[in-house]
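A.B. asks: FYI, in our numbering the residues of the sequence shown are 150 to 694. Structure in structure tokens, see below.
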Amino acid sequence: QSPEGRKRKKKAPGDFSKEVPLQKRTPYSDSWEYYNGILWTSSLEAKLDAPKKNEEKQLSAEKLRQARQEKINRFRNKHKIYVQGTDLPDPVATFEQLREEYKISPRIMRNVEAAGFQAPTPVQMQAIPAMLHRRELLACAPTGSGKTLAFSLPILTHLKQPMNKGFRALILAPTRELASQTHRELLKLSEGTGFRIHMIHKAAEAAKKFGPKSSQKFDVLVTTPNRLIYLLKQDPPAIDLSRVEWLVVDESDKLFEEGKTGFRDQLATLFSACSSPLAKRALFSATFAHDVEQWCRLNLDSVVSVSIGARNAAAETVDQELLFVGSETGKLLAMRDFVKKGFAPPVLVFVQSIERAKELFRELIYEGINADVIHADRTQQQRDSVVHGFRAGKIWVLICTALLARGMDFKGVNVVINYDFPSSAVEYIHRIGRTGRAGHAGKAITFFTEDDKPLLRSIASVIQRAGCPVPDYIQHFRKLQSKQKKRLIKKPLEREHILTSPEALRRKAKRKQLATQKGLKKTPKKAKNNTSQAGTLPPKISLSE
Ligand SMILES: Nc1ncnc2c1ncn2[C@@H]1O[C@H](COP(=O)(O)OP(=O)(O)OP(=O)(O)O)[C@@H](O)[C@H]1O
Ligand SMILES: [Mg+2]
């Protein structure tokens with residue numbers, strides 16, 4: 150700007166900085182100039198025609214603004230992006246646009262390309278720009294729709310480069326399996342950038358590594374809340390979170406749950422440990438909870454809320470089936486039938502408890518199915534090896550508890566079987582979301598018995614909303630009150646044991662005999678963990694490619 154220009158700027162009428170698009174020279178006259186949204190004019194012309202031309206300009210600028218807004222609204226509607234908040238950042242349509250507008254590291258963009266991602270998913274279109282504008286965020290998008298990249302990319306962009314300042318970003322996940330998967334994804338995305346992405350494997354070791362004497366050579370930490378709390382509670386605290394700029398809570402509604410399985414209390418401690426005034430928070434999940442939204446409204450700074458599609462809906466890519474199996478024995482028969490007909494692995498089978506996971510595993514092993522089991526009673530090493538084996542295609546049927554229900558991204562799970570009916574619609578959505586990911590088709594079969602009647606209606610309505618068939622009579626069942634629903638989540642139905650194979654019965658008899666002989670009441674430890682053997686494939690199973 151010339152000194153003359155600065156003088157003229159003071160005389161310019163009105164503030165057009167928000168209304169006028171960027172352009173250097175307008176077609177009106179040589180003496181009117183727009184630059185960076187500022188109106189320039191000579192005093193004589195200002196007296197003679199400025200008011201009229203100003204009005205015209207304002208009008209056309211307003212029209213332009215409206216047209217632009219309509220275009221953005223159409224784009225959001227097309228991708229089912231629903232946003233709430235003030236000064237909402239525009240969505241982006243392509244990764245190219247992201248690269249140009251936000252100067253994302255070319256290396257990171259190359260890594261995105263190498264992963265085979267051609268265009269951003271709807272949640273990425275909107276959540277990435279919001280976070281890049283350092284806006285606090287509550288995002289809700291279907292299972293398998295790319296939320297991990299939606300928070301990872303802005304985090305790495307803001308951190309710019311590795312620094313020895315300690316952790317500057319923290320990602321929380323409810324299970325170790327999910328934290329480990331997110332850690333892996335971040336490593337892939339940051340390949341070649343030098344960022345140090347950490348996970349807490351053993352709290353005691355981490356205390357030495359991240360403690361006050363460390364050289365602070367860390368950038369991002371991915372962890373479950375429990376381990377982090379352990380470090381924070383050491384005296385002096387074995388980890389410093391005061392430099393954290395981004396705190397992401399993945400599976401936020403799970404982490405906000407109260408009670409034994411919830412992390413609500415821990416979260417409060419973690420939030421206050423991230424004490425930097427620069428710290429921003431973003432919460433992600435496939436399911437929406439009112440108390441989380443409430444919390445965000447009260448505690449986050451001018452929060453942007455992004456929802457993709459209908460809230461609390463199952464992924465549209467999953468073909469859902471409800472199957473009445475009569476009784477507990479009916480479930481086993483249905484399972485055997487499923488196997489007999491020939492199925493395309495990999496398959497995930499959900500049961501409601503650790504005990505039942507063990508029991509079903511014994512049954513399936515007896516059948517000779519190439520199966521394994523994962524639950525919180527197994528050692529970390531066993532859990533890691535099962536996840537690895539399932540990813541590698543070595544395990545065809547994996548029996549699991551809620552441990553794997555959230556966030557886990559196994560490529561190409563063909564079928565999810567809900568052997569035990571889930572204890573809530575939210576759990577159902579997450580469980581079946583292990584298939585039909587990233588636009589691929591998937592199938593979910595949910596067994597139900599007479600006992601499952603109370604929850605049938607709420608899960609049937611999720612199925613129905615996705616356009617899948619549901620028996621008519623279910624719609625006449627009574628709706629549960631929210632108190633009753635909560636009770637069922639806390640205390641799932643008691644079910645008969647899954648013990649039918651001669652092997653299982655023999656074991657049971659033997660255990661009983663041992664217990665009476667030795668006065669023992671507990672199962673010996675060895676037998677407890679002896680679940681890693683995998684059976685061989687029966688000739689009846691037909692494999693897809
Ligand atoms: N832009 C993209 N294009 C294609 N695939 C993508 C894209 N972004 C992510 N993916 C892939 O989609 C899959 C699901 O992503 P992700 O695990 O982040 O889903 P999610 O939304 O977090 O699901 P969940 O609610 O189950 O945690 C992953 O395999 C990921 O590599
Ligand atoms: Mg996820």
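Backbone N, C-alpha and C fix where the C-beta goes; we use that ideal spot for every residue, glycine too.
In angstroms with no decimal places, state the Cα-to-Cα distance between Arg532 and His524.
C.D. replies: By one-based count along the sequence shown, residue 532 stands at place 383. By one-based count along the sequence shown, residue 524 stands at place 375. Between Arg532 and His524, the C-alpha separation is close to 8 Å.
A.B. asks: Indicate the three-state DSSP secondary structure (helix, strand or coil) for Met312 in the structure shown.
C.D. replies: One-based indexing of the sequence shown puts residue 312 at position 163. Correct three-state label for Met312: coil.
A.B. asks: If you compare alpha carbons, which of His282, Ile544, Leu497 and Ile608 is closest to Gly585?
C.D. replies: Position 436 of the sequence shown, counted from the first residue, corresponds to residue 585. Nearest option by C-alpha distance: Leu497.
A.B. asks: Please return the same chain residues whose Cβ sits closer than 8 Å to the Cβ of Arg522, not counting the five positions on each side in sequence.
C.D. replies: Indexing the sequence shown from 1 puts residue 522 at position 373. The residue you asked about is not Arg; residue 522 is Val in the sequence shown. Closer than 8 Å at Cβ, skipping near neighbours: Ala506, Lys507, Leu509, Phe510, Val535, Leu547, Ile548, Cys549 and Thr680.
A.B. asks: Could you tell me the boundaries of the beta strand (DSSP E) in which Gln233 lies?
C.D. replies: Along the sequence shown, read from residue 1 onward, the residue named residue 233 stands at position 84. Here the beta strand (DSSP E) through Gln233 covers Ile230 to Gln233.
A.B. asks: On the criterion of 16 or more Cβ atoms from any shown chain inside 10 Å, does Gly421 qualify as buried, or is it exposed?
C.D. replies: Here residue 421 refers to the residue found at position 272 of the sequence shown. A quick correction: the sequence has Ser, not Gly, at residue 421. So Ser421 counts as exposed.
A.B. asks: If I measure Cβ to Cβ from Lys167 and keep anything under 6 Å in the same chain, skipping five residues before and after, which residues do I get?
C.D. replies: Walking along the sequence shown from the start, residue 167 turns up at place 18. Confidence is the limiting factor: at Lys167 the pLDDT is only 35, short of 50, which leaves the residue's position unreliable, though a coordinate-based value still follows. Cβ within range, chain order: n/a, list empty.
A.B. asks: Would you call the stretch 435–442 and the stretch 397–413 in contact, with 3 or more CB pairs under 8 Å?
C.D. replies: At 8 Å Cβ cutoff, the stretches touch.
A.B. asks: Let me know if Thr478 comes out buried or exposed under the rule of 16 or more other beta-carbons within 10 Å of its beta-carbon.
C.D. replies: The residue given as residue 478 occupies position 329 in the sequence shown. Its Cβ having fewer than 16 others within 10 Å, Thr478 is exposed.
A.B. asks: Report the start-end ranges of each beta strand (DSSP E) in the stretch 344–427 that is 3 residues or longer and not cut off at the edges.
C.D. replies: The qualifying runs are 346–348, 369–372 and 395–399.
A.B. asks: Three or more beta-carbon pairs under 8 Å between the stretch 367–374 and the stretch 296–311, yes or no?
C.D. replies: Contact holds: three or more Cβ-Cβ distances are below 8 Å.
A.B. asks: Hey, could you find the ends of the alpha helix (DSSP H) Leu509 is sitting in?
C.D. replies: The count along the sequence shown starts at 1 and reaches residue 509 at position 360. Run containing Leu509: Ile503 to Glu516, per the alpha helix (DSSP H) assignment.
A.B. asks: If I'm right that Asp601 touches Phe570 with Cβ under 8 Å, what's the distance once you round it to whole angstroms?
C.D. replies: What you label residue 601 is simply residue 452 of the sequence shown in a count that begins at 1. What you label residue 570 is simply residue 421 of the sequence shown in a count that begins at 1. About 4 Å; that satisfies the 8 Å criterion.
A.B. asks: Could you tell me the alpha carbon to alpha carbon distance between Asp468 and Leu629, rounded to whole angstroms?
C.D. replies: As a first step, residue 468 is located in the sequence shown; it is residue number 319 there, counting from the start. As a first step, residue 629 is located in the sequence shown; it is residue number 480 there, counting from the start. Going by the C-alpha atoms only, they are around 25 Å apart.
A.B. asks: Kindly indicate which three-state DSSP category Glu285 falls into: helix, strand or coil?
C.D. replies: For the purposes of this step, residue 285 is taken as the residue at position 136 of the sequence shown. Correct three-state label for Glu285: coil.
A.B. asks: With a 10 Å radius around its C-beta and 16 neighbouring C-beta atoms as the bar for buried, classify Glu204 as buried or exposed.
C.D. replies: Counted from its first residue, the sequence shown places residue 204 at position 55. Glu204 should be labelled exposed.
A.B. asks: Mind pulling the beta strand (DSSP E) runs of 3 or more residues that sit fully within the stretch 519–601?
C.D. replies: Listed in chain order, the complete beta strand (DSSP E) runs (minimum 3 residues) inside the stretch 519–601 are 520–523, 546–549, 564–567 and 591–598.
A.B. asks: Would Cys445 pass as a contact of Leu432 if the rule is Cβ separation under 8 Å?
C.D. replies: Mapped onto the sequence shown, residue 445 falls at position 296. Mapped onto the sequence shown, residue 432 falls at position 283. Against a cut-off of 8 Å, the Cβ pair of Leu432 and Cys445 comes out as a contact.
A.B. asks: Suppose the cutoff is 8 Å on Cβ atoms and the five residues either side in sequence are ignored; what does the same chain contact list for Thr243 look like?
C.D. replies: Residue numbering aside, residue 243 sits at position 94 when the sequence shown is read from its first letter. Contacts found: Ala268 and Pro269.
A.B. asks: May I ask you to check if the CB of Thr595 is nearer than 7 Å to at least one heavy atom of ligand 1?
C.D. replies: Start at 1 with the first residue of the sequence shown, and residue 595 comes out as number 446. Every heavy atom of ligand 1 is 7 Å or more from the Cβ of Thr595, so no.
A.B. asks: If Ala483 and Phe596 are in contact, beta carbons under 8 Å, what's the gap, nearest whole angstrom?
C.D. replies: Taking the sequence shown and counting its residues from 1, one reaches residue 483 at position 334. Taking the sequence shown and counting its residues from 1, one reaches residue 596 at position 447. With 8 Å as the limit, Ala483 and Phe596 qualify as a contact, their Cβ atoms being about 6 Å apart.
A.B. asks: Does the beta-carbon of Arg376 have 16 or more other beta-carbons within 10 angstroms, so that it is buried, or is it exposed?
C.D. replies: Taking the sequence shown and counting its residues from 1, one reaches residue 376 at position 227. Arg376 should be labelled buried.
A.B. asks: If Gln394 sits next to Lys337, beta carbons under 8 Å apart, how far is it from one beta carbon to the other, in whole angstroms?
C.D. replies: Along the sequence shown, one-based indexing puts residue 394 at 245. Along the sequence shown, one-based indexing puts residue 337 at 188. Per the sequence shown, residue 394 should be read as Glu rather than Gln. Wrong, their Cβ atoms sit about 22 Å apart, outside the cutoff.
A.B. asks: Ligand 2 and Gly556: does the residue's C-beta get closer than 7 Å to at least one heavy atom of that ligand?
C.D. replies: For the purposes of this step, residue 556 is taken as the residue at position 407 of the sequence shown. Result yes, Cβ under 7 Å from ligand 2.
A.B. asks: On the three-pair Cβ rule with 8 Å, is the stretch 565–581 touching the stretch 451–463?
C.D. replies: Yes, the stretch 565–581 touches the stretch 451–463.
A.B. asks: Find the nearest neighbour of Lys639 within the set Glu285, Ser502 and Lys351, judged by alpha-carbon distance.
C.D. replies: Taking the sequence shown and counting its residues from 1, one reaches residue 639 at position 490. Residue Ser502 is the option with its Cα nearest to Lys639.
A.B. asks: Can we count Lys296 as close to ligand 2, meaning its CB is less than 7 Å from some heavy atom?
C.D. replies: For the purposes of this step, residue 296 is taken as residue 147 along the sequence shown, with counting starting at 1. Answer for Lys296: yes, Cβ within range of ligand 2.
A.B. asks: Sort Pro603, Lys659, Gln662 and His646 by Cα distance to Gln633 and report the nearest one.
C.D. replies: Counted from its first residue, the sequence shown places residue 633 at position 484. For the residues Pro603, Lys659, Gln662 and His646, the minimum Cα distance to Gln633 belongs to Pro603.
A.B. asks: Is Ala318 helix, strand or coil when you go by DSSP?
C.D. replies: As a first step, residue 318 must be located in the sequence shown, where it is residue number 169. Here Ala318 sits in strand by DSSP.
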